[in-house]
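Inspection log for the structure reproduced underneath, given as structure tokens.
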Amino acid sequence: MSSHKLKPGVVSGKDYLTLVKACKEGRYALPAVNVTGTNTINAVLEAAAKNRADAIIQLSNGGAEFYAGKGCPDTFQAKVLGAVSAARHVHMMAAQYGVCVILHTDHANKALIPWVEAMLEHGEAFYKETGKPLFSSHMLDLSEDDIEFNLSESARLLKRMAKIDMSIEIELGVTGGEEDGVGSDDIDNAKLYTQPEDVLMAYDRLNSIGHFSVAASFGNVHGVYKPGNVKLRPDILKNSQDLVQKTHGTAANPLDLVFHGGSGSEKDKIEESLNYGVFKMNIDTDTQFAFSEAVGKFVEKNERAFKYQIDPEDGTPYKKLYDPRKWLRVGEEGVIARLNEAYVDLKSAGKSLALCDADKAKCA
Ligand SMILES: [Zn+2]
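Each residue of the sequence shown is one higher than the last, beginning at 1 in our numbering.
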């Protein structure tokens, strides 16, 4: 075990590959949580530490913009600098929690390619400064464009990213629903299932350039829907794995797959997907609700503290309840509770690769 222990903190390059390999060999996956500020970031770090597990922290373009502040006048720069600022926060704090963290960005469609390129400029500067990239991986989602454009743009950006030890996540097939304005509810059903031939084409184009992961579609949908509306078929993933394995004579499960739209998914389908090379499951809707539900209950229970600083009837001071730290913490605890559940579903609790103090003592 100790042979593949990693230094706690943000992992990239070879260490990122070590983490992905451990997930796939151990048939477990990491939750990739969309964050919007320090509260959600710290909640993910705390949940990972409490579960002795590693985590993936990611920002959508909207999450990054929110991180920079909704009043930031230049919205493009807000999306870029918000992501950079959040990444720097994670670089500063992750090791303190004793866990390994993959830093990622979420869906970038054609219109958002300049966003990815601007973040790369910051990533290259950070690499010069520290020898590490700012993000472990960016996602490029050109699944709504034709496959030739999708793969040539992915190849172009991966060439640039590989130079600074970064990985790329691409999307083939379409995840239903929308994530922060990217995607649509109105798509042809066949596109909801990734075609193995497309995955093979991606492998042929990208594998020699650098590391890539694939958001493959197997009926998954962003958001939470009424039961029965979504038919998850994880076995679809096996067809792509088998085709690449057969064509290139690789070991089993050569592809590193990403499960989008993990919120609200049936537990047995999540478990099944772990057999087919899924190492990352995106979760956003459920952690959003977990934060808000917890805050909602707190406000309901302490209604008067959100109306009066001092109760006009009996003079009770409410400062300790309306202090934003009090209810923001309650929201963080909601996220942590939901992630405890995710770590069980994804079988990654107790599997952190981070070298801990106990390991160091053993080594000494
Ligand atoms: Zn997604």
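For every residue, glycine included, the Cβ atom is placed at its ideal position computed from N, Cα and C.
Would the C-beta of residue i count as close to ligand 1, meaning under 7 Å from any of its heavy atoms?
| i | result |
| --- | --- |
| His107 | yes |
| His222 | yes |
| Asn42 | no |
| Thr36 | no |
| Gly261 | yes |
| Glu179 | yes |
| Thr194 | no |
| Asn282 | yes |
| Thr175 | yes |
Does the Cβ of residue i have 16 or more other Cβ atoms within 10 Å, making it buried, or fewer, making it exposed?
| i | result |
| --- | --- |
| Val344 | exposed |
| Ser217 | buried |
| Gly254 | Strictly speaking, residue 254 in this sequence is Pro, with Gly absent from that position. Pro254 is buried by the Cβ-count criterion. |
| Leu19 | buried |
| Glu179 | buried |
| Gly350 | exposed |
| Met1 | Only weak support is given to the placement of Met1: the predicted model assigns it a pLDDT of 45, under 50, and the value that follows is read from those uncertain coordinates. Met1 comes out exposed. |
| Pro31 | buried |
| Ala364 | Bear in mind that a pLDDT of 40 at Ala364, under 50, signals an unreliable position, so the number given afterwards is only what the model happens to contain. It counts as exposed. |
| His107 | buried |
| Leu112 | buried |
| Pro234 | buried |
| Asp268 | exposed |
| Val258 | buried |
| Phe306 | exposed |
| Asp204 | exposed |
| Ala354 | buried |
| Ser292 | exposed |
| Asp145 | exposed |
| Lys79 | buried |
| Ala68 | buried |
| Glu303 | exposed |
| Arg338 | buried |
| Glu129 | exposed |
| Pro133 | buried |
| Gly131 | exposed |
Residue range of the beta strand (DSSP E) that residue i falls in?
| i | result |
| --- | --- |
| Gln96 | Unbroken run through Gln96: none, as it is neither H nor E. |
| Thr105 | Cys100 to Thr105 |
| His138 | Ser137 to Leu140 |
| Asn282 | Val278 to Ile283 |
| Ser167 | Ser167 to Leu172 |
| Val214 | Phe212 to Ala216 |
| Val258 | Leu257 to Phe259 |
Got a sec, what are the start and stop residues for the alpha helix (DSSP H) residue i sits in?
| i | result |
| --- | --- |
| Met119 | Ile113 to Thr130 |
| Val33 | No alpha helix (DSSP H) contains Val33, which is instead part of the beta strand (DSSP E) from Leu30 to Asn34. |
| Val335 | Pro324 to Asp345 |
| Gln241 | Asp235 to His248 |
| Ala354 | Taken as a continuous stretch (DSSP letters only), Ala354 belongs to no alpha helix (DSSP H), as it is neither H nor E. |
| Ala55 | Ala55 -> not in any alpha helix (DSSP H); beta strand (DSSP E) instead, spanning Ala55 to Leu59. |
| Phe306 | Careful: Phe306 lies outside any alpha helix (DSSP H) and carries neither H nor E. |
| Cys23 | Gly13 to Glu25 |
| Leu45 | Thr38 to Lys50 |
| Glu271 | Lys267 to Ser273 |
| Asn150 | Ile147 to Ala162 |
| Tyr203 | Pro196 to Leu206 |
Assuming residue i and residue j are in contact, meaning their beta carbons sit under 8 Å apart, how far apart are those beta carbons, in whole angstroms?
| i | j | result |
| --- | --- | --- |
| Ala29 | Lys280 | 6 Å |
| Thr36 | Gly63 | 5 Å |
| Leu158 | Val199 | The Cβ separation is near 16 Å, so there is no contact. |
| Val99 | Ala162 | Contact doesn't hold; Cβ gap of about 26 Å is too wide. |
| Val224 | Gly264 | 4 Å |
| Met93 | Ser137 | With a Cβ gap of about 19 Å, Met93 and Ser137 do not count as contacting. |
| Val221 | Gly177 | 5 Å |
| Leu448 | Met119 | Lying before the first or after the last residue shown, residue 448 is absent from the chain, which here runs from 1 to 364. |
| Leu140 | Phe149 | At roughly 11 Å, the Cβ-Cβ gap does not stay under 8 Å, so Leu140 and Phe149 are not in contact. |
| Val295 | Trp327 | 5 Å |
| Ile57 | Val84 | Between Val84 and Ile57 the Cβ distance is about 14 Å, and since that is not below 8 Å, they are no contact. |
| Ala43 | Glu332 | 4 Å |
| Arg27 | Leu237 | Not quite, the Cβ-Cβ distance comes to about 13 Å (not below 8 Å), so this is no contact. |
| Asn282 | Val182 | In fact, because the Cβ distance is near 13 Å, the residues do not count as touching under 8 Å. |
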